[in-house]
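Read through the structure below, which is laid out as structure tokens, and then see the notes.
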Amino acid sequence: MFTSLFFLKVTIAPVIVLSVSYLQRRFGDRFGGWLIGLPITTGPFILIIAIQEGVAFAGRTTHGVLLGQIALIAFCWSYSFAALRSSWFPAVLVGTLVCLSTGYVVTTVKVPVIYSDLFLIGIWLVAMRWWPRTDLPNQKIATPKWELPVRILVTLTILISLSALAPHVGAKVAGALSTYPVIASVLGAFNQRRFGPGATVATLRGLMQTLPITMAIIFFLGLVLR
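Under my numbering, the first residue of the sequence shown is numbered 33, with each subsequent residue one higher.
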């Protein structure tokens, strides 16, 4: 079981990152954002947790994942505004600080699942209503050769680390941590540095547009795994 589980961990991340990177280069930054918004990391993470810690623990983890979506929305919204006003590093820093602060608050306050879901939907609607505007066109991304291995390594490290930490930090916190937008922050930073803030804003808006699909999938998993 250990061998099979470890093999699953080390193969999921490269396949995910390779697929997203190829499709983004072919169809542009907004399409890449749509793919990132899908549960391509949280879904496999929940699967690994179910195998590793049991179905009940994985069911509780889905609540943390849903709470983490609130922090993810806060990251995308704050990072996009910051990207239009500063260089990539301060923008990523602002987004990360807002994300971590929001994640801490939502995992500390005890709120029933149904109210968490309603609040999540409300936050998403507000963020989309007041999303920063940019008139730059959607563009195809030409990434340097060294960037793809970095994306794979970072994603793989996060996935393995979170699955190892899960039994120690608890289901809800582990689920929330799994939603930190590692790929989005890496893509956003490199895109902003090479193509300007418009590419980052477009990518994050694409992520936000598919987020309701992720919410629905995670909510359904939570019901099934209870």
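Backbone N, C-alpha and C fix where the C-beta goes; we use that ideal spot for every residue, glycine too.
Query, Result
"Since residue 223 and residue 232 are thought to touch, with beta carbons under 8 Å apart, how far apart are those beta carbons, to the nearest angstrom?", "5 Å"
"Suppose you measure from the CA of residue 99 to the CA of residue 146; what does that come to, to the nearest Å?", "11 Å"
"Between the alpha carbons of residue 225 and residue 119, how many angstroms are there, rounded?", "8 Å"
"Excluding the 5 residues flanking residue 58 on each side, which residues of the same chain have their C-beta closer than 6 Å to its C-beta?", "none"
"To which residues of the same chain is residue 205 closer than 8 Å at the C-beta, ignoring the five residues directly before and after it?", "96 and 139"
"If you draw a straight line from the C-alpha of residue 255 to the C-alpha of residue 127, how long is it?", "31 Å"
"Does residue 213 pass the burial test, meaning 16 or more other C-beta atoms within 10 Å, or should it be called exposed?", "buried"
"In whole angstroms, give me the CA-to-CA distance for residue 251 and residue 109.", "23 Å"
"Check the C-beta distance from residue 70 over to residue 235 and give it rounded, since I have them as a contact under 8 Å.", "Actually they are not in contact, since the Cβ atoms of residue 70 and residue 235 sit about 14 Å apart, beyond 8 Å."
"Quick one: what's got a C-beta closer than 7 Å to residue 152's C-beta in the same chain, skipping five residues either side?", "98, 101, 102 and 247"
"Would residue 75 count as contacting chain D if we go by Cβ distances under 9 Å?", "Annotation note: the requested chain D is absent from the structure, which comprises a single protein chain."
"Please name the residue in 141, 76 and 202 whose C-alpha comes closest to that of residue 93.", "202"
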